[in-house]
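**Student:** I have a structure here, written as structure tokens, and I will follow up with some questions on it.
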Amino acid sequence: MLPNLFTKSPKKKNNFDSRTIPSSTNTAASHNGTSRTSPPPPSSKTKKSPSKSSRDRDSRPSSAQGSKRHSRPSRSSRSHIFDPTEHPLNLPPHELRRLSAMSAMNDTPQPMDVENESPATNGVNGDGAPAPPPHRTPTNGPVDAEACKAAGNKFFKLKDYDKAIAEYTKAIEADPKSATYRSNRAAAYISANRWHEALEDCKVADSLEPNNAKVLQRLARVLTSLGRPADALEVYDSITPPVTPKDKAPALTMQQHLKQAEESLHEGTAGSLVVHALDQAEKGLGYNVTRPRKWLLMRGEAYIKMGNVNALGEAQTVAMSMLRANSQDPEALVLRGRALYAQGENEKALQHFRQALNCDPDFKDAVKNLRMVQKLDRMKSEGNAAFQGRRYQEAVDMYTQALQVDPSNKGINSKLLQNRAMASIKLKNFKQAIADCTRALELDSSYLKARKTRAKALGESGDWEEAVKELKEIAENNPSEPGIQKEIRNAELELKKSKRKDYYKILGVDKDADDAQIKKAYKKLAIVHHPDKNGNDEAAADRFKEIVEAYETLADPEYVFPPFGYLLSPYRILEPAN
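Count the sequence shown with UniProt numbering and you get residues 1 to 578, in order.
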């Protein structure tokens, strides 16, 4: 702190007014911009007060020059009129004000960066420590860690786990090196279903006190509850003395179910077995624990393998739950893309595969599925174009190649089989068409279009009775299906026709054959089956009679077949019935 040098000392009464008649020396100093210290005034003992005449004489100007100087003082003397005897530094007023302000600033105490070895006195406590300021509270004394632990144990027994955790936390803060406090808080976290916090405390406790059996058992229990049975079993195996089979049972059971799910998924067995195994494994998870990511991916894969509508919806649900947690998860994006692809939403599936590649350009599953769907779409489009162009054999070939791209996709393959069946009907390959429709229904039992195509193939092959039966089953299960009743009526009419003799079929001609073709066919068959050539063969004789009957009937210009007029094409109608 700077000493206050600028406090004015009490003035002694002096009748001499230097401001009225400045000395020539001070005036000159003022003009030169500098100040000069005046000699100290004479002491009061030797100083004599001048007489009145002397004062009057001194107050008058001695010359015209002096009069002029006092009548027009200099700029310096006008702005700095001060008494050089009032302050020992003999400074102008503005300098005095500046230095006084600096002194006042230095009077304010500033905090120190170092602590004093002995407290400063404050005038009240003498040499004792100064009292704290009124806005500050005294620092609490040290925390008793054991007392906090005892309080935590009390709250733990009362099942007030939040308060128990708070007390154990105080104990840990007081003694961070204690494994017991960490282990106790881990137990409270476990009871409060806060599994991840419990895991961290168990790990720290194990590092502070390795090979502590109680700590390791709690650690293994937490790992099991988090869905990490392999890690839990490894911890159990490190405990000395060994734990009982009862302690290890939850981890062992979970591990067995997971192994079963992985093997079933790898071997390609029923997806329902995988889902069941995962359901059993999840029973060992702690309350409110999120299913491990690996388990979710396995479950989604199993649902896709199941392939039915409900299972594919479940696969979508699994994928969406993962994407809500991380929208840039490439594996979840591929899983949802595969579910969309299995549902026939190929364009949306391709978008998901591309997005997965944006997240991870080296993700092989995304590349594989993207190329597969693109190839399948291309082949299917080429087959459809060939069918529309009436190149039915080419269409059959393209659909056959497309079926080999992804044999596991039930939804897509059922559609390809139905398309190939339609092309086979056009080629009059009814047997192949029926087989394709049956296989399509095995892949997707709810595929209504495949059932209708199979009914058509059955009818075209001449088995109208089975065709009618198929159509009636469709109507029974789907009463609102458009046009199904009309199809049933037409099939029933065809069934009635099929029960009559088909003279065209007997002669081996088409139903649109003209008279010349009918006559030619009759002569050819009559020569083969004439009784004179077959002796006593009764079957040949019956066959010859049937041929003659067919020719006579079809040769009759008034014959109408079938008797339902023009309603039933493709059968030949000669004339409407009268």
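Virtual Cβ for every residue (Gly too), placed ideally from N, Cα, C.
Which one of E200, L216 and F156 has the shortest CA to CA distance from S191?
**Tutor:** Selected option, being the one with the closest Cα: F156.
**Student:** What is the DSSP secondary structure of E267, counted as helix, strand or coil?
**Tutor:** DSSP places E267 in helix when its eight states are reduced to three.
**Student:** I'd like to know whether the C-beta atoms of N419 and G459 end up nearer to each other than 8 Å.
**Tutor:** Not closer than 8 Å, so no.
**Student:** Please confirm whether A455 and E465 have their CB atoms less than 8 Å apart.
**Tutor:** Not a contact, by the Cβ cut-off of 8 Å.
**Student:** When you compare only the Cα positions, how much space is there between H352 and K449?
**Tutor:** Taking the straight line joining both Cα atoms gives about 29 Å.
**Student:** Please classify R228: does DSSP put it in a helix, a strand, or coil?
**Tutor:** Coil, per DSSP.
**Student:** At the level of alpha carbons, what is the spacing between L525 and Q432?
**Tutor:** About 31 Å.
**Student:** What does a CB cutoff of less than 6 Å around Y504 pick up in its chain, not counting 5 residues either side in sequence?
**Tutor:** Closer than 6 Å at the Cβ level, and outside the excluded window around Y504, lie K511.
**Student:** Using only the alpha-carbon positions, how far apart do S178 and R291 sit?
**Tutor:** Rounded to whole angstroms, S178 to R291 spans 33 Å at the Cα level.
**Student:** Check whether the segment 222 to 234 touches the segment 248 to 257, counting contact only when three or more Cβ pairs, one atom from each stretch, lie closer than 8 Å.
**Tutor:** Output reads yes: the segment 248 to 257 touches the segment 222 to 234.
**Student:** Could you have a look at A213 and say whether DSSP puts it in helix, strand or coil?
**Tutor:** Helix, per DSSP.
**Student:** Exposed or buried, what is G337 when buried is set at 16 or more other beta-carbons lying within 10 Å of its beta-carbon?
**Tutor:** Buried.
**Student:** Helix or strand or just coil, what does DSSP make of I474?
**Tutor:** Here I474 sits in helix by DSSP.
**Student:** So for K348, helix, strand or coil by DSSP?
**Tutor:** DSSP places K348 in helix when its eight states are reduced to three.
**Student:** Just to confirm the assignment: which complete alpha helix (DSSP H) runs, minimum length 4, are found wholly within the segment 492 to 520?
**Tutor:** Qualifying alpha helix (DSSP H) stretches, in chain order: 503 to 507.
**Student:** Under the three-state reduction of DSSP, which class applies to residue 641: helix, strand or coil?
**Tutor:** One cannot answer for residue 641 here, as it falls past the ends of the chain, which runs 1 to 578.
**Student:** Can you give me the Cβ contacts of A402 inside the same chain, cut-off strictly under 7 Å, excluding the 5 residues immediately before and after it?
**Tutor:** Once the five neighbours on either side are set aside, the close Cβ partners of A402 are L376, M379, K380, G383 and L416.
**Student:** Would you call D556 buried or exposed, if buried means 16 or more other Cβ atoms sit within 10 Å of its Cβ?
**Tutor:** Result: exposed.
**Student:** For C437, which of K452, L427 and D514 has the nearest alpha-carbon?
**Tutor:** When only C-alpha atoms are compared, the closest one is K452.
**Student:** Where does R489 fall in DSSP's three states?
**Tutor:** It is helical.
**Student:** Is there contact here, the segment 232 to 247 with the segment 299 to 319, by at least three beta-carbon pairs under 8 Å?
**Tutor:** The segment 232 to 247 is not in contact with the segment 299 to 319.
**Student:** Based on Cα-Cα distance, which residue from D329, K348, I518 and I547 lies nearest to N358?
**Tutor:** Checking every option, the nearest Cα to that of N358 belongs to D329.
**Student:** In whole angstroms, give me the CA-to-CA distance for I527 and D515.
**Tutor:** Approximately 19 Å between the Cα atoms of the pair.
**Student:** Within a Cβ cutoff of 8 Å, which residues of the same chain sit near V334, ignoring the five residues on either side of it in sequence?
**Tutor:** Counting only Cβ-Cβ distances below 8 Å, and skipping sequence neighbours, we find H352, F353, A356, F363, D365, A366 and N369.
**Student:** Grab me the residues of A277's own chain with a C-beta within less than 7 Å of its C-beta, minus the 5 sequence neighbours each way, in chain order.
**Tutor:** So the qualifying residues of the chain are H257, Q260, A261 and S264.
**Student:** Between N536 and H530, what straight-line distance do the alpha-carbon atoms span, to the nearest angstrom?
**Tutor:** About 11 Å.
**Student:** Between which two residues does the alpha helix (DSSP H) carrying G313 extend?
**Tutor:** Start and end: V309 to A325.
**Student:** Do A491 and V468 come within 8 Å of each other at the CB atom, strictly closer than that value?
**Tutor:** Yes. Within cutoff.
**Student:** According to DSSP, is Q343 part of a helix, a strand, or is it coil?
**Tutor:** Three-state result, Q343: coil.
**Student:** Output yes or no for whether 8 Å exceeds the beta carbon distance between A188 and I165.
**Tutor:** The answer is yes: Cβ separation under 8 Å.
**Student:** Is it buried or exposed, T37, if we count other Cβ atoms within 10 angstroms and call 16 or more buried?
**Tutor:** Residue placement at T37 cannot be trusted, given a pLDDT of 42 that sits under 50; what the coordinates show is reported in the next sentence. Per the 10 Å Cβ criterion, exposed.
**Student:** Taking all protein chains shown into account, do 16 or more other C-beta atoms lie within 10 angstroms of the C-beta of Q388, making it buried, or fewer, making it exposed?
**Tutor:** Burial call: exposed.
**Student:** Excluding the 5 residues preceding and the 5 following K428 in the sequence, name in chain order all residues of the same chain whose CB lies nearer than 8 Å to its CB.
**Tutor:** Excluding residues within five positions, the ones whose Cβ falls inside 8 Å are E460.
**Student:** What is the rounded straight-line gap between the Cα of Y522 and the Cα of Y551?
**Tutor:** Taking the straight line from one Cα to the other gives about 6 Å.
**Student:** Report whether the distance from the Cβ of A205 to the nearest heavy atom of the ligand ATP is below 7 Å.
**Tutor:** In the structure on display, the ligand ATP does not appear, and there are no ligands present to speak of.
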